[in-house]
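For reference, the structure is listed below as structure tokens.
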Amino acid sequence: MHSMISTQIEENLSSLILKNHDGSEITVKDSHSNIAIVCVSLYCVYCVDLLPHLKELSEVSSYHFIVLANGETDDHKEMIEYFGWEFPLVLMEYEQMDDIFGMNELPFVLFLNEGKIVQSGVVHKPEDFHFLLKKAG
38 MHSMISTQIE
48 ENLSSLILKN
58 HDGSEITVKD
68 SHSNIAIVCV
78 SLYCVYCVDL
88 LPHLKELSEV
98 SSYHFIVLAN
108 GETDDHKEMI
118 EYFGWEFPLV
128 LMEYEQMDDI
138 FGMNELPFVL
148 FLNEGKIVQS
158 GVVHKPEDFH
168 FLLKKAG
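Residue 38 is where the sequence shown starts when you use my numbering, and the numbers rise one by one after that.
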């Protein structure tokens with residue numbers, strides 16, 4: 038699944054430093070070898086419907102999750118507590134997600150292996166995630 042677009046996204050990710058909800062920094066290129074970057078919006082019905090499934094999806098996958106979501110810091114704290122998430126949750130507006138990843142619809146996931154995109158796509162429901170995960174290998 039390599040294209041000029043994938044190469045540009047990988048270049049964006051290679052220097053990307055994200056700020057986790059707790060203030061710690063996440064450097065994607067120095068993170069785990071298998072990463073699933075999940076992009077959601079709190080104003081998107083499909084995204085909100087997917088939120089309760091993210092913990093389970095992260096547990097059945099060999100990919101380390103990083104979730105990017107818009108909203109407010111308090112919203113993020115509430116989601117982490119309510120859903121019991123232990124993966125990073127990064128505050129990021131849709132426009133910035135689009136600039137970095139070039140996606141045109143949410144919720145969206147990118148599967149990375151050693152910094153290379155192995156699969157990506159829209160995930161409206163858990164079955165979509167499993168489908169993409171299987172294709173990612």
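We put the beta carbon where it would ideally sit given N, CA and C, even for glycine. All of these numbers come straight from a predicted model, not from anything done at the bench.
When the distance is taken between beta carbons, is residue j closer than 7 Å to residue i?
{"i": "A73", "j": "F120", "result": "no"}
{"i": "G152", "j": "K56", "result": "no"}
{"i": "G108", "j": "L79", "result": "yes"}
Between the alpha carbons of residue i and residue j, how many angstroms are there, rounded?
{"i": "L126", "j": "H113", "result": "7 Å"}
{"i": "V77", "j": "E130", "result": "9 Å"}
{"i": "M140", "j": "L88", "result": "19 Å"}
{"i": "V160", "j": "F145", "result": "6 Å"}
{"i": "D86", "j": "D165", "result": "13 Å"}
{"i": "L53", "j": "N71", "result": "16 Å"}
{"i": "M134", "j": "W122", "result": "21 Å"}
{"i": "L169", "j": "F148", "result": "8 Å"}
{"i": "K162", "j": "L143", "result": "11 Å"}
{"i": "I117", "j": "T110", "result": "11 Å"}
{"i": "I137", "j": "F124", "result": "20 Å"}
How is the alpha helix (DSSP H) around residue i delimited, first residue to last?
{"i": "C81", "result": "Note, C81: premise wrong, no alpha helix (DSSP H); not H, not E."}
{"i": "L91", "result": "91-96"}
{"i": "K114", "result": "110-120"}
{"i": "F138", "result": "131-138"}
For residue i, is the classification buried or exposed, using 16 other Cβ atoms within 10 angstroms of its Cβ as the cut-off for buried?
{"i": "V82", "result": "exposed"}
{"i": "S99", "result": "exposed"}
{"i": "V104", "result": "buried"}
{"i": "S157", "result": "buried"}
{"i": "V75", "result": "buried"}
In the DSSP assignment, find the beta strand (DSSP E) that holds residue i and state where it starts and stops.
{"i": "H167", "result": "Looking at the DSSP string, H167 is not in any beta strand (DSSP E); the run it does join, the alpha helix (DSSP H), is 163-173."}
{"i": "K153", "result": "153-159"}
{"i": "H101", "result": "101-106"}
{"i": "L147", "result": "145-150"}
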